[in-house]
Amino acid sequence: GQQVMQIPQYQHVQEGEDFTTYCNSSTTLSNIQWYKQRPGGHPVFLIQLVKSGEVKKQKRLTFQFGEAKKNSSLHITATQTTDVGTYFCAGPSRGSTLGRLYFGRGTQLTVWP
Amino acid sequence: DGGITQSPKYLFRKEGQNVTLSCEQNLNHDAMYWYRQDPGQGLRLIYYSQIVNDFQKGDIAEGYSVSREKKESFPLTVTSAQKNPTAFYLCASSPPDRLLFFGSGTQLSVL
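Chains A and B, in that order, are what the protein sequence lines are. Residues in the first sequence are numbered consecutively from 1, following the working numbering. Residues in the second sequence are numbered consecutively from 1001, following the working numbering.
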């Protein structure tokens, strides 16, 4: 079945260091979405990438969608303590026209002050 | 104030008991979902509904049941058949562009 794999599972960084999480799908994705879940909270939508090779930025966050539309990455430059949380990627099921998504296991980011 | 409301925030289930988790949304979204979250497991889809009076099984539907009698409401029942119910349950809804809006979740534990 369809799988979305995400690495690493955990990442501990010193404040000011960069952070990257990677997402790989076993199938081509029509789009990929990224969510952030703060400790004790619920996932919140960050961004959606649709086009092959697409790169989008949100302040210190850079999102990329691979040329083959099977992988994606989230890079945070100069992490801050407010970046703490778990970052999930998610892709829609093949042929789906609806919001049924397959989630990666997430990367839990800890930032040391 | 639009959004998704889940209740209760914490719920305890006794052996052999069925419990129902509430999910209400006032975002006028047609599609609603239930996900289960276990530590280190990501989010797994239990059930989803594309429209009122219709719903489909997700990847881990065994031991759960749902109903969708109103557009605003999508309650989840955790039945006694679900032998490992302890988890964080998240309800979500989505507009046609498919991004998900999540509720604040219900933590279910077994007594």
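Cβ coordinates follow ideal geometry from the N, Cα and C atoms, glycine included. Remember, predicted model here, so these are calculated numbers, not experimental data.
1) In whole angstroms, what is the alpha-carbon distance linking Asn1084(B) and Ser1067(B)?
2) Can you list, in chain order, the stretches of the alpha helix (DSSP H) that have 4 or more residues and sit fully within the segment 1045–1087 of chain B?
3) May I ask you to report which of helix, strand or coil DSSP gives Thr110(A)?
4) In whole angstroms, what separates the C-alpha of Ser1094(B) from that of Ile7(A)?
5) What separation, rounded to the nearest whole angstrom, lies between the Cα atoms of Thr20(A) and Gln1017(B)?
6) Can a CB atom of chain C be found closer than 7 Å to the CB of Pro43(A)?
7) List, in chain order, every chain A residue whose beta-carbon is nearer than 7 Å to that of Tyr1048(B).
8) Would DSSP call Asp1097(B) helix, strand or coil?
9) Hey, does Phe1102(B) have any beta-carbon neighbour from chain A nearer than 7 Å?
10) Can you tell which of Ile32(A), Ile76(A), Lys51(A) has its C-alpha closest to the C-alpha of Glu67(A)?
11) Can you list, in chain order, the residues of its chain with a C-beta nearer than 8 Å to that of Glu1072(B)? Leave out the 5 residues immediately preceding and following it.
12) Leu1099(B) versus chain A: which residues are under 8 Å apart at the beta carbon?
Let me lay it out:
1) To locate residue 1084(B), count along the second sequence from 1; it is residue 84. To locate residue 1067(B), count along the second sequence from 1; it is residue 67. Roughly 22 Å between the two C-alpha positions.
2) none
3) In the first sequence, counting from the first residue as 1, residue 110(A) sits at position 110. The answer is strand: DSSP assigns Thr110(A) an E or B state.
4) By 1-based counting over the second sequence, the position of residue 1094(B) is 94. By 1-based counting over the first sequence, the position of residue 7(A) is 7. The straight-line gap from Cα to Cα measures roughly 27 Å.
5) The count along the first sequence starts at 1 and reaches residue 20(A) at position 20. The count along the second sequence starts at 1 and reaches residue 1017(B) at position 17. So the two alpha carbons sit approximately 44 Å from each other.
6) Here the protein chains are A and B, and chain C is not one of them.
7) Residue numbering aside, residue 1048(B) sits at position 48 when the second sequence is read from its first letter. The contacting residues are Arg100.
8) Position 97 of the second sequence, counted from the first residue, corresponds to residue 1097(B). Coil.
9) Numbered from 1 along the second sequence, position 102 holds the residue referred to as residue 1102(B). Yes, Phe1102(B) counts as interfacial toward chain A.
10) For the purposes of this step, residue 67(A) is taken as the residue at position 67 of the first sequence. Per the Cα distances, Lys51(A).
11) Working through the second sequence from its first residue, we reach residue 1072(B) at position 72. Same-chain partners within the cutoff: Glu1024, Gln1025, Asn1026.
12) To locate residue 1099(B), count along the second sequence from 1; it is residue 99. Within chain A, the residues placing a beta-carbon under 8 Å from that of Leu1099(B) are Gln33, Phe45, Gln48, Gly99, ordered along the chain.
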